[in-house]
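I have placed the structure first, in the form of structure tokens, so that the comments after it can refer back to it.
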Amino acid sequence: MDAKKYQTIGQQFGRRSWAEPWKIKMVEPIRLASAEERRQAMEGAFSNTFLLRSEDVYIDLLTDSGTNAMSDRQWAGLMLGDEAYAGSRNFYHLEAAMQTYYGYKYLVPTHQGRGAEHILSQAAIKPGQWVPGNMYFTTTRQHQEMAGGTFVDVIIREAHDAADLHPFKGNVDLDKLETLIKDKGAQNIAYVSLAGTVNMAGGQPVSMANVRALRELCDRYGVRIYLDATRMAENAYFIQQREPGYADWTIARILKEFCSYTDGAWMSAKKDNLVNIGGWLAVNDAELFETLRNLVVIYEGLHTYGGLAGRDMEAIAIGIEECVQDDHIRSRVGQVLYLGELLINWDIPIVQPVGGHAVFLDAKRFYPHIPQDELPAQTLAAQLYLDSGIRSMERGIVSAGRDPVTGENRHPALELTRLTIPRRVYTQAHMDIVAEAVKAAYDNRERTRGLRMIFEPKYLRFFQARFEPV
Ligand code: F0G
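Residue numbers for the sequence shown follow my numbering, so the first one is 285 and each next one is one higher.
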């Protein structure tokens, strides 16, 4: 696959340049703290970017989760909040938007994605069952394990290689999956946990051909497929751009077609759906739906609000419509690509092809002298902040955690630092600053030393762990 194929924005958009399909109506000032202030802030945060105060951050690329700018329509929607305990008008609007654009029958709102993961895992996994998926995600696997399941990675081999240019690195390896099903017995497979795009692989998409073939395979064995739809609109964009036969399809049509091959989905609406808080679960099976909406009242709230205010559900409903607009998704992914191209042109090692929501720096190649046990990706996140006040996130050995059976550290092939781009928040000039900051850290790489963990929380340690220089 030709790397250049993903590199020229002009080619993709059929014109010289491109711009966001919006203008800015309200601004939030940001400030670059001094080098000494940054040094103190990083020391106080024990080299963990999750422990920084946001006011000490200049450009915040920690996550694209809940950090989106809502549109004027969404803000207006907040005023239409129907804060009834039961049967809020906004719930029905959200249900209709989900049905229209994702195509599932039944909706259960939740406070965010992991609320939905919790409930689905409790309802659909029996202790001792296996949960195959296209690479783990931190909170998803945690809930699957807490429900007694064991996650098994069945993503294609190429996904574990940061430099491989496969256009659909999120694809499921169907042979690997079938071997697992035969080996364990179909009745011992809880479901296939499918994500589009795949966050931990670098925001890499799943092709339509792959999900269709996955459906056929699962039908042969009577196995269900649940989709992590968190960034499915971005996945749909990659299908439109890269998969033969879809260039003339709208994002909305591709999204709905893709979802039709799955039995249900969970969603962190804080990403694609362009809100600051919220999530949902959707399924087609009436019996499972009854179980889910019974469980939601224990953990989240009544089944017509699931931990959300009515106004939040309204903002999600409007966000669903906005996130499938072709011009929106093109500029959203285009901005990520813009940053990625700047770094590629400077020969800085990143995951390629560039993903949908973030540029992932390949910390193993960035710091070849720092062994994985000295946390190169965590080190790089700390260095970027120290250099430029830019906040990123580790996605490597710290995020991977320990094997629940052996207690040993997992050593993932990918050791990445994620520069995650919030939707509709930063400009091209901010991306230029970010690229220059990465370049400065790269130029200083030989003088950089690694970190060791001095405090390790039991669950999802990357959020709260503390580090010190080795
Ligand atoms: N699935 C995926 C693929 C995610 O990226 C996330 C969150 C979740 C599920 C959980 O959703 O945060 O609403 O509870 N990802 C954030 C991130 C935290 O920064 O990648 P949540």
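Glycine is no exception: its CB is placed at the ideal position from the N, C-alpha and C atoms.
Range covered by the beta strand (DSSP E) that runs through residue i
i: Y510; result: I509 to D512
i: M737; result: L735 to F739
i: V392; result: Y390 to T394
i: L645; result: A642 to D646
i: D459; result: Looking at the DSSP string, D459 is not in any beta strand (DSSP E); the run it does join, the alpha helix (DSSP H), is L458 to K468.
i: T422; result: Here T422 belongs to no beta strand (DSSP E); instead the alpha helix (DSSP H) covers T422 to M430.
i: F281; result: This structure leaves residue 281 out entirely; the chain is present only between 285 and 754.
i: G562; result: Per DSSP, G562 belongs to no beta strand (DSSP E) and is neither H nor E.
i: P416; result: W414 to G417
Between the CA atoms of residue j and residue i - distance to the nearest angstrom
i: A368; j: F375; result: 10 Å
i: R526; j: I538; result: 12 Å
i: L565; j: I600; result: 13 Å
i: E593; j: W359; result: Sequence check: residue 593 is Ala here, not Glu. Going by the C-alpha atoms only, they are around 14 Å apart.
i: K309; j: E379; result: 29 Å
i: G486; j: A536; result: 23 Å
i: Y651; j: P633; result: 10 Å
i: R649; j: S491; result: 28 Å
i: G399; j: R733; result: 38 Å
i: R508; j: K389; result: 16 Å
i: H402; j: C543; result: 21 Å
i: P637; j: G624; result: 9 Å
i: D646; j: L735; result: 17 Å
i: T741; j: F751; result: For clarity, residue 741 is Pro in the given sequence; the question names Thr instead. Cα to Cα, P741 sits roughly 12 Å from F751.
i: L579; j: V567; result: 14 Å
i: E320; j: V722; result: 19 Å
i: L576; j: G433; result: 18 Å
i: W630; j: Y726; result: 10 Å
i: V467; j: L391; result: Residue identity check: residue 467 is Asp in the sequence provided, not Val. D467 and L391: Cα-Cα distance of roughly 34 Å.
i: V635; j: H450; result: 11 Å
Residue i (DSSP reduced to helix, strand or coil)
i: M677; result: strand
i: R702; result: strand
i: T481; result: coil
i: P660; result: helix
i: Q488; result: strand
i: Y376; result: helix
i: A447; result: coil
i: I717; result: helix
i: E752; result: strand
i: A408; result: helix
i: M551; result: strand
i: W359; result: helix
i: D532; result: coil
i: Q708; result: Reading off the sequence shown, one finds Arg at residue 708, where the question assumed Gln. Note: R708 maps to coil in three-state DSSP.
i: R322; result: helix
i: D286; result: Caution is warranted here: a pLDDT of 47 is assigned to D286, below 50, making its placement in the model unreliable, and no coordinate value can be reported.
i: A400; result: helix
i: N332; result: coil
i: A303; result: coil
i: Q291; result: Its pLDDT being 49, under 50, Q291 is placed unreliably in this model, and the value from its coordinates should be taken loosely. Coil, per DSSP.
i: N568; result: coil
i: D366; result: coil
i: N557; result: coil
i: R686; result: strand
i: F747; result: helix
i: V476; result: strand
i: N693; result: strand
i: D503; result: helix
Cβ-Cβ separation, residue j to residue i (assumed contact under 8 Å), whole Å
i: A665; j: M677; result: 6 Å
i: I613; j: Y710; result: About 17 Å; that fails the 8 Å criterion.
i: H444; j: L698; result: 6 Å
i: N472; j: Q413; result: 6 Å
i: M597; j: S372; result: 7 Å
i: H714; j: D348; result: Actually they are not in contact, since the Cβ atoms of H714 and D348 sit about 14 Å apart, beyond 8 Å.
i: N728; j: V559; result: About 38 Å separates the two Cβ atoms, so there is no contact after all.
i: Y420; j: S672; result: Y420 to S672, Cβ: 30 Å. No contact.
Own chain residues within Cβ distance below 6 Å of residue i, not counting five before or after
i: R616; result: R707
i: K460; result: V438
i: R357; result: I602
i: Y583; result: none
i: K288; result: Residue placement at K288 is flagged as unreliable, the pLDDT there being 47, under the threshold of 50; the coordinate-derived value follows with that caveat. There are no such residues.
i: I738; result: R750 and E752
Close beta carbons around residue i, own chain, < 7 Å, minus the five adjacent residues each side
i: S683; result: T422 and F746
i: L458; result: A497, L498 and L501
i: G585; result: G591
i: D610; result: T534 and I535
i: V643; result: V620, L623, G624, L627, I634 and L703
Host alpha helix (DSSP H) of residue i (start-end)
i: G594; result: G594 to C607
i: D610; result: D610 to N629
i: E518; result: M516 to R526
Contacts around residue i, its chain only, beta-carbon distance under 8 Å, and the 5 residues preceding and following it disregarded
i: Y545; result: V495, R496, L498, R499 and I509
Please enumerate, following chain order, all residues with a beta carbon closer than 6 Å to at least one heavy atom belonging to the ligand SAM.
Among the ligands present in this structure, namely the ligand F0G, the ligand SAM is not found.
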